[in-house]
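Inspection log for the structure reproduced underneath, given as structure tokens.
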Amino acid sequence: MAISIPPTSPGPPQPSVEDMARHAGEAAALLKALAHPARLLVLCQLVQGERSVGELQPITGLSMSALSQHLAVLREMELVTTRRQSQTINYSLADGPAASVLDALYAAYCGSGA
1 MAISIPPTSP GPPQPSVEDM ARHAGEAAAL LKALAHPARL LVLCQLVQGE
51 RSVGELQPIT GLSMSALSQH LAVLREMELV TTRRQSQTIN YSLADGPAAS
101 VLDALYAAYC GSGA
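Going by UniProt numbering, the sequence shown opens with residue 1, and the numbers climb by one from there.
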């Protein structure tokens, strides 16, 4: 008796090599921004919610000057958004692919099985 294997569904369409090449630079820039431990720590904190510079500074252990430089990189890359409240600047994680990458990193390195 022969066993019949049903054909697999094609699933979602696969991106072309041209599409992947077009996005490779963006992905590399995101990974470069995430590659510094201080920036990664800042972004991991922002996954949990909005934080002020004053809240981020003791968590990172960076000087205010160094933290400001890292936050400038994250702003330039559009990975964070800011909201001014009086003289306080609050940072939030921007919508986009960084959130998905950070979720995966959190699950791999900070989750219960890590």
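Backbone N, C-alpha and C fix where the C-beta goes; we use that ideal spot for every residue, glycine too.
With distance defined between alpha-carbon atoms, name the residue in the options nearest to residue i.
i      : options                       : result
Asp103 : Gly11, Lys32, Cys44 and Met20 : Cys44
Leu31  : Glu78, Val101 and Ser86       : Val101
Leu105 : Leu67, Pro15, Ala35 and Gln14 : Ala35
Enumerate in chain order the residues of its own chain whose CB-to-CB distance from residue i is below 8 Å, with the five nearest sequence positions on each side excluded.
i     : result
Ala99 : Val47 and Leu93
Ile89 : Ser52, Val53, Thr82 and Arg83
Ala50 : It is worth fixing the name first, because residue 50 is Glu in this sequence and not Ala. Once the five neighbours on either side are set aside, the close Cβ partners of Glu50 are Arg83, Asn90, Tyr91 and Ser92.
Met64 : Val53 and Gln57
Could you name the residues of the same chain whose beta carbon sits closer than 6 Å to that of residue i, not counting the 5 residues immediately before and after it, in chain order?
i     : result
His70 : Ala38 and Arg39
Within the same chain, show all residues whose beta-carbon is closer than 7 Å to that of residue i, passing over the 5 residues directly before and after it, in chain order.
i     : result
Ala33 : Arg39, Val73, Leu74, Met77 and Leu79
Checklist entry - Any chance the region 34-48 sits against the region 59-79, with 3 or more Cβ pairs inside 8 Å? => result Yes, since at least three Cβ pairs between the region 34-48 and the region 59-79 fall closer than 8 Å, the two stretches touch.
Next on the checklist: Does the structure place the region 58-66 close enough to the region 22-31 that three or more beta carbon pairs sit under 8 Å?
Outcome noted: Not touching, per the Cβ criterion.
Checklist entry - Going along the chain, which unbroken runs of the alpha helix (DSSP H) with 4 or more residues stay wholly within the UniProt domain "HTH arsR-type" (19-113)? => result Whole alpha helix (DSSP H) segments, 4+ residues: 37-47, 53-60, 64-76 and 97-109.
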